[in-house]
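**Q**
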Amino acid sequence: MFKLFFRSFLIIVFFFSLKLFAQEFETERDTVEVYLIDSFITPEIPHKFVLSFISSEESKSKVIIENIYEVVVSDEFTDSHRFELDVSGYDFENQRIPYYIFVEDSNGNVYRSEKYEVHLPYEIEIAGESNFLLLCLFGGVVFALPSPTYADFKGDGYFSLTKEIPIISLKSRSFYYPQGYFAVEYSHIFKAPVKNLLRAGYKHFIELPWIEYISPGVSGFTNFKGYSGASPEVSVGWFRIFSTFTVYTRYRFNFKPGDKGSEFNEISIGLYSGFFSIYL
Numbered sequence: 076m077f078k079l080f081f082r083s084f085l086i087i088v089f090f091f092s093l094k095l096f097a098q099e100f101e102t103e104r105d106t107v108e109v110y111l112i113d114s115f116i117t118p119e120i121p122h123k124f125v126l127s128f129i130s131s132e133e134s135k136s137k138v139i140i141e142n143i144y145e146v147v148v149s150d151e152f153t154d155s156h157r158f159e160l161d162v163s164g165y166d167f168e169n170q171r172i173p174y175y176i177f178v179e180d181s182n183g184n185v186y187r188s189e190k191y192e193v194h195l196p197y198e199i200e201i202a203g204e205s206n207f208l209l210l211c212l213f214g215g216v217v218f219a220l221p222s223p224t225y226a227d228f229k230g231d232g233y234f235s236l237t238k239e240i241p242i243i244s245l246k247s248r249s250f251y252y253p254q255g256y257f258a259v260e261y262s263h264i265f266k267a268p269v270k271n272l273l274r275a276g277y278k279h280f281i282e283l284p285w286i287e288y289i290s291p292g293v294s295g296f297t298n299f300k301g302y303s304g305a306s307p308e309v310s311v312g313w314f315r316i317f318s319t320f321t322v323y324t325r326y327r328f329n330f331k332p333g334d335k336g337s338e339f340n341e342i343s344i345g346l347y348s349g350f351f352s353i354y355l
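Everything in the sequence shown is counted per our numbering, starting at 76 for the first residue and increasing by one.
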């Protein structure tokens, strides 16, 4: 009886191990591996970051350096990737520069490599703490800038300042943008019949080849004084700056359901960045 039980136990363990191995094999097979070949910065001027690697299957690739600088390596599908980047004008925090390689397969799946490092030659001047702090402060100031807006109430135009903050972003297969994001927004419309509005809503990204994106969305708004409604909108992202911010223009139609004549239109220009958003 004991031998029968022991044999049954071994058989169960054997098949369970096979199942785990099959799952592990399947997981590894579904991952695009990156094999580094060269990674160095040339000592001669101009100093160039030379990077070459191969991927386990044909893919597109990009590199993100110090979580700040983003560079496309291969914008076409290939298994052999190489690029050279002149880093003479870049400000780095220290001598050891961390970077990640991102690859995208033909199905749109994006994979991130382990963290790599490249060393600066001794004669390159390293940016000091003050420069790094200045960069952070500059990014914070740009992020905090409100969007100038033109608001039209029944033919009367008013100037407005609006600040939108993406709170939660939905991950996507894109290199640059999430699938969409939930945001809160505050608007102050100078001298208008309705001056202060708080909004909350969702915006969806549709990336396009000739511009950055088109983003339809809808928000709910209120002034906490009885004026509440909905705001369908559409934004157009035109181009990116500093690899972090996207310049966009937006049209929005605002109305209070059941209150004819409460409608007004908005046209604005602003900067989008999901850097401070929580990604799910």
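For each residue, glycine too, the CB sits at the ideal point set by N, CA and C.
Quick check: the Cα distance between ARG171 and ASP180, rounded to an integer number of angstroms?
**A** Each residue's alpha carbon lies about 30 angstroms from the other.
**Q** Taking its Cβ as the centre, do 16 or more other Cβ atoms sit within 10 Å of ILE140, making it buried, or is it exposed?
**A** Buried, by the Cβ-count rule.
**Q** Only counting runs of 3 or more residues, tell me where the beta strand (DSSP E) segments fall wholly within the stretch 243 to 307, in order along the chain.
**A** Segments of the beta strand (DSSP E) lying fully in the stretch 243 to 307: 255 to 264, 271 to 279 and 288 to 297.
**Q** Rounded C-beta distance between ILE112 and ILE129? I'm assuming under 8 angstroms.
**A** The pair is a contact, with the Cβ atoms about 7 angstroms apart (cut-off 8 angstroms).
**Q** Verify whether the separation of the beta carbon atoms of TYR233 and LYS270 is less than 7 angstroms.
**A** Their beta carbons are not under 7 angstroms apart, which means TYR233 does not touch LYS270 by this criterion.
**Q** Could you check whether GLY292 and GLY356 sit closer than 7 angstroms to each other, using their CB atoms as the reference points?
**A** It is not possible to answer for residue 356, since the shown part of the chain is limited to 76 through 355.
**Q** Could you tell me which whole beta strand (DSSP E) segments of length 3 or greater appear in the stretch 129 to 199?
**A** Fully enclosed beta strand (DSSP E) runs of 3 or longer: 144 to 161, 171 to 179, 185 to 187 and 191 to 194.
**Q** If SER343 sits next to THR224, beta carbons under 8 angstroms apart, how far is it from one beta carbon to the other, in whole angstroms?
**A** Correct: roughly 4 angstroms between the Cβ atoms.
**Q** Roughly how many angstroms separate the alpha carbons of SER249 and SER222, rounded to a whole number?
**A** Approximately 26 angstroms between the Cα atoms of the pair.
**Q** So the candidates are GLU239, SER188 and GLU168; which of them puts its Cα closest to the Cα of VAL109?
**A** Comparing Cα positions, the closest option is SER188.
**Q** With 16 as the cutoff for other CB atoms within 10 Å, does PRO196 come out buried or exposed?
**A** By the 10 Å Cβ count, PRO196 comes out exposed.
**Q** Less than 6 angstroms between C-beta atoms, sequence neighbours within five positions excluded: which residues of the same chain meet that for SER155?
**A** Contacts found: ILE129.
**Q** Excluding sequence positions up to five away, which residues of its chain have a Cβ less than 7 angstroms from the Cβ of GLY301?
**A** Taken in chain order, the list of residues that qualify is empty.
**Q** Whose C-beta lies closer than 7 angstroms to the C-beta of VAL107 among residues of the same chain, with five residues either side of it excluded?
**A** Within the same chain, VAL107 has close Cβ partners SER130, SER131, GLU132, SER134, VAL178, ASP180 and TYR186.
**Q** Specify, as a first and last residue, the run of the beta strand (DSSP E) that GLY345 falls within.
**A** Taken as a continuous stretch (DSSP letters only), the beta strand (DSSP E) holding GLY345 covers 339 to 347.
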